[in-house]
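Comments concern the structure below.
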Amino acid sequence: MGRLCDFNEIMYDFEKKGGVPRDERRMEVFREVLAECGLVDMGFSGRWFTWERGNLPETNIRERLDRGVANEVWQTMFPDGSIQHLTHSFFDHCPLLMTTRQEECGVQTASFWFEAWWLMEETFDTEVRKDRDDQNMAELIDTKVQLNLEIDKDEQYWEQRARINWLRYGDKNTAYFHSQASSRRKKNTIQRMQNDTGGVMENIQDIENIARVYFQKLFDSNERECCDYLLLGIQRCITKEDNQILMAPYMKDEIREAIFGMGPTKAPGEDGFPAIFYQQCWHIVKDKVIRFCLQVLNEDRDFRQKRVGRKGFMAVKLDMSKAYDRVEWNFVKEVMIRMGFANGWIETIMECTTSVSYAVVINGFKGENFWPSRGLRQGDPLSPLLFLMCGERLSSLMRLAMSEGILKGVKASRSGPKISHLLFADDCILFSEASSRGANALKEILRKYRSSSRQCVNFDKSIVFFSKNTSEMDRNSVISILGVRSSNNPERYLGLPNVVGRKKKESFQILKDKMKQRIDHWSTRHLSQGGKEIFIKSILQAIPTYTMACFLLPKTFCAEIESIMAKFWWQKGYGKKGIDWCEWRTLCTLKEIGGLGFRNMCQFNIALLAKKGWRLINYPDSLLARVLKAKYFPNSNFLNSQLGNLPSLTWRSMWVAKGLLCSGMGWRVRRGTEISVWDDHWIPGKEIDDWGHRIKNGVKLVADLIDAENSVWKTELVKRTFTADIAEKFLQIPLAKNPGANIQVWRGELSGDFSTRSAYKILQNASLDPNALLLQTDTKKFYKKLWNLQLPSKLLITVWRASWNYLPTFANLRSKKIATSSVCPRCGYGEENLDHVFRFCPATNGIWQLLDLGWTNNSSIQSFWEWITWVFGRSSHKQRRLFCSTLWFLWGARNRLVHDKKIESAEELSAGLKRFMAEIEGVQERKISLRRLTNQSQEYIPSESAIYFDAAFNARTNKSMAGIVITDRTGGIVKTLNISNSNVPTPFTAEAYAGYHAVQLDRAMGFQTVKIKGDSRAVIKKCQTKKINKSVISAIIRDIQELSKQFLKIEFQFIDRNENKIAHRIAVEALHREEEAYLGGGVSAITQVAPEGRWRRSPD
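Residue 815 in full-length UniProt numbering sits at position 815 of the sequence shown; the count goes up by one each step and never skips.
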């Protein structure tokens, strides 16, 4: 059924512009009625609003009252059906045109696209390997095209693709994927296009030609010579050290990290291959890809182409017309030169920018290529950074105008900094005195900016917001000079409301509307329970995240958001209310203690805001920190600040999160001054309350426990002051030889840097019921094993629901007064509770015996919870998978009997379960096989002078051994060394000590230019950066950084484990022998007995 109607109602708040806001309850009732009827909005093309009244801006009201709705059957029958909003004639409503099928716009050959499901084919790896030595990559592409293209697209494509996604990612969701793709295809289809003369073209070649001509004109440079005076004010900010980092050669591990950091199915190249192909086939294409990328990057080859004062102020929100597309390439280059970038780096960036070519793709068909002469690519992660450099020209003009007194900025407080502008990519707000003088100054600045950068401001879409004390005469003067419209509410900036009044819930209503809109999409009704879990976590919970990172949302509003998600989670089908078996906060607990890991929105809100507070502490010179400090804590710091009188929502939001920061912050010891031994958090992994008995011995500061001259702990004093376990933790803290100042760190992360994830976990643990904490040991064991079973998520969720008695058995339904009888529908005798369904029903017993699971029967256990935990405790991983799958099959058979009246024998269920387990095992074997191929070792022979290091660690004795190998230019071993360390807490620390000893050895031997290689990516990365390190190994990294300054050139390089076999063997063997040996000018017996292929190393 499909209908076109004037419903005289809107579904969401954003479907109305002007007038009084629509009552939320009315819109909710309208959505509920549509849901009960099984109808969804069909979407539309054309103008947004269908009804309009009022000719003046202050009286104009526009709404979308007319719409097309249809049920799922209609959508399936007419997948290409569409609604078009036509132009208004004499009525206040616009006519609607429904089209049930899409006209063919011409015939062209679609481009090749690699299908991700081909990777699951057993023969795929073999087919790729056939062409791995070919010179021409095109032959490799041709091979992929031939893989399984004979599959019938209409009948088998969706089933096979969904089956793979189900087995690999957790759920079948075939209908969801199909409907989602169909909806996306329909949304992206262009049926007609209007040309410059007003004619409407429907042929695909004509549409492509119109689009191509438009973009050719847009990307055609009209740049005149860039004069130096136009670039005045742009300051040099790139240092020599910055350029050295930028110009350092690219390494192999950086190529791999970039490729594996891409979304698997995102950004396919011109050949149609997405990142997942290279990720899954890395063991085959690695050498070719790395060699090509390094040639391009390192050799620069083969690039393809509120106020009460006397003066009023204003804020102008600019709308930049086609900002990215109008950027002149030569302007970007000149700005980079002015900022001080190295010539080589500028050339590389300009090659990346100017080598682009475009083609218009209409309905999947690619048109002719054309080459632009200006513009930045949308979606390219480099583009926003380059645009910010262009925005530096506008910033310099604003700074010059302020320094010359032409322009006056605004202040948030009397002693605060003046703010003249805020820029974020192409979003821009300018501040100035609200007068004709200020307006003329802004207009002249924008003229100069346009002259140099060719950026064009759309004044018709730009708006100005005035402070309350601005006179009417000044308002009219500014509007006339700038040619912009005025607004009492400057709408939104970067997706956030610029002004939030007392009615905060109305300001954030758009968040609820977006969530409801995503839920109401007809494709979501096809999601299974496992699919719903992913949808809530990946889509719904992400919608308010950005807003919550800036503002503290009202608790009632957060509760409403949680209610939307809870309703969607428990509903039986679209528009059908389900049973809320537990509160949302129960679902929000961590998976390992019995929850599902959904977010508590209030706690997550505070965790996000704490990150802003962390930035205030660590970046005190940032503009935001300086503004807030001047206004709210001029004589204090953030952690000791007060809320103050009439605080803004921004400050109140950050201030609320201060308590969380105080509880999570700690110290990394350097000199130990300023750190209280008894009151501050400074021992990793230990809370102050856990210290137990201690003798103060006159010790107050951590510095009292350090031998400053030798940079070591006073061991005897530590042991006399603390208990043995605390003293042991104490002595494992590394101390730097050149200590420096103490560092404040975030204790929730090993890196010492704040993370929202760890902050949220602190809040969750603090809110847990103490009685629940006592039960965590047994609960954690069960749920940890459950969620590690690698079974479809909907299956695991069914078992999870059973563990909490959240399944709708007739006993549970009767207790909720939904059912009148609790008799088992299968046997007709006992009460249908969980124990009966899965253990005692006669229809169940046969299945357990047929599957050889009779050992799970234990009549002495009466509770279902005790039974499943008992089974989990005495079974293997494979047995637990079969056990949980059996529970799921039994519950499915029960549901088919109750709802579909389908009776299945024990033999049928057993056979179906065995087929299911065979599919599961088959996919797991395929994944293991792919992993082995990806990680397989290849013979490595060193061919350059370098120092290799590795570490071995004994957790029982807390000792580590560093193995170091020095090779000459031919790769021959010159020297080997092993050095032991005691009081080492972790393998991570052991690797850091090994890296330090390697640098120390280089310095002792008098090397000036060195290359140091190790297989610990984390340690190598920390050695490569010059930033202050806050991790648990920060003292060791500081010593490495200080030693590195004594070399003319030092390079740290991450290598694969198979390239570090000798250093690894030396460390392991020496630790085993617990000996130290320095072999001058020779090789240890360990390396001498190694076979010829000694550099080969099997995966750990």
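Beta carbons are placed, not taken as given, at the ideal position from N, Cα and C, and that holds for glycine.
Check, Outcome
"Nearest CA to the CA of proline 57: which residue from His1064, Arg485, Leu649?", "Arg485"
"Using the Cα positions of arginine 414 and phenylalanine 465, report the straight-line distance between them to the nearest angstrom.", "21 Å"
"Can you tell me whether DSSP reads leucine 540 as helix, strand or coil?", "helix"
"How is glycine 319 classed by DSSP in three states: helix, strand or coil?", "The displayed chain sequence assigns aspartate, not glycine, to residue 319. Three-state result, aspartate 319: strand."
"Helix, strand or coil: how does DSSP classify asparagine 148 here?", "Its pLDDT being 36, under 50, asparagine 148 is placed unreliably in this model, and the value from its coordinates should be taken loosely. Residue state, collapsed to three classes: coil."
"Work out the CA separation of isoleucine 947 and valine 410 for me, nearest whole Å.", "57 Å"
"Is the beta carbon of leucine 660 closer than 8 Å to that of leucine 553?", "no"
"Between the Cα of lysine 780 and those of Leu590, Arg47, Asp220, spot the shortest distance and give me the residue it belongs to.", "Leu590"
"Based on the DSSP secondary-structure assignment, which residues constitute the bridge partners of methionine 665?", "Trp746"
"Can you tell me whether serine 403 is buried or exposed? The criterion is at least 16 other CB atoms within 10 Å of its CB, across all chains shown.", "exposed"
"Can you name the residues that DSSP bridges to isoleucine 973?", "Thr967"
"Which value, in whole angstroms, describes the spacing of the CA atoms of glutamate 825 and glycine 81?", "Per the sequence shown, the amino acid found at residue 825 is proline instead of glutamate. Their Cα atoms are separated by approximately 44 Å."
"Pairs of beta-carbons, one from the region 510-525 and one from the region 780-790, closer than 8 Å: are there three or more?", "no"
"What's the gap between the Cα of asparagine 330 and the Cα of cysteine 390?", "11 Å"
"So for serine 415, helix, strand or coil by DSSP?", "coil"
"Whole-angstrom Cβ separation of phenylalanine 219 and serine 373, contact assumed at under 8 Å?", "7 Å"
"Quick check on DSSP: helix, strand or coil for asparagine 788?", "coil"
"With which residues is histidine 85 paired in a DSSP beta bridge?", "Gly46, Leu96"
"Using a Cβ-Cβ cutoff of less than 6 Å, which residues in the same chain neighbour leucine 735 once the five nearest sequence positions on both sides are dropped?", "Ser711, Ala1035"
"With a Cβ-Cβ cutoff of 8 Å, do glutamate 202 and glycine 367 count as a contact?", "no"
"My assumption, with CB atoms under 8 Å, is that alanine 439 sits in contact with valine 478. Please give the rounded CB distance.", "4 Å"
"Does DSSP put phenylalanine 7 in a helix, in a strand, or in coil?", "coil"
"Return the CA-CA distance between arginine 956 and isoleucine 1012, expressed in angstroms with no decimal places.", "29 Å"
"Quick one: give me the first and last residue of the beta strand (DSSP E) that alanine 70 is part of.", "66-70"
"Buried or exposed, going by whether 16 or more other CB atoms sit within 10 Å of the CB of histidine 1072?", "exposed"
"Quick check: the region 788-805 against the region 881-890, are at least 3 beta-carbon pairs closer than 8 Å?", "yes"
"Curious, which full-length alpha helix (DSSP H) runs of at least 4 residues does the region 328-406 contain?", "329-339, 343-354, 383-403"
"To the nearest angstrom, how far is it from the Cα of tryptophan 870 to the Cα of aspartate 900?", "34 Å"
"Excluding the 5 residues flanking leucine 1079 on each side, which residues of the same chain have their C-beta closer than 6 Å to its C-beta?", "At leucine 1079 the pLDDT is 47, less than 50, meaning the model places this residue with poor confidence; the figure from the coordinates comes in the next sentence. Excluding residues within five positions, the ones whose Cβ falls inside 6 Å are Thr976."
"Are isoleucine 706 and glycine 685 touching if we call contact CB-CB under 8 Å?", "no"
"Count the CB pairs spanning the region 312-328 and the region 459-474 that are closer than 8 Å, and state whether there are at least three.", "yes"
"Please report the Cβ distance between arginine 393 and isoleucine 234, rounded to the nearest whole angstrom; I am assuming they are in contact, meaning their Cβ atoms lie under 8 Å.", "6 Å"
"Does the beta carbon of tryptophan 667 come closer than 8 Å to any beta carbon on chain B?", "In the structure shown, chain B cannot be found, because there is only a single protein chain."
"By alpha-carbon positions, which one of Val20, Leu1048, Trp282, Leu34 ends up nearest to residue 1139?", "There is no way to answer for residue 1139, as the model of the chain reaches only from 1 to 1100."
"Taking the C-alpha atoms as reference points, what is the distance between threonine 189 and glutamate 15?", "23 Å"
"Quick check on the DSSP output: the beta strand (DSSP E) that includes threonine 1009 runs from which residue to which?", "1009-1014"
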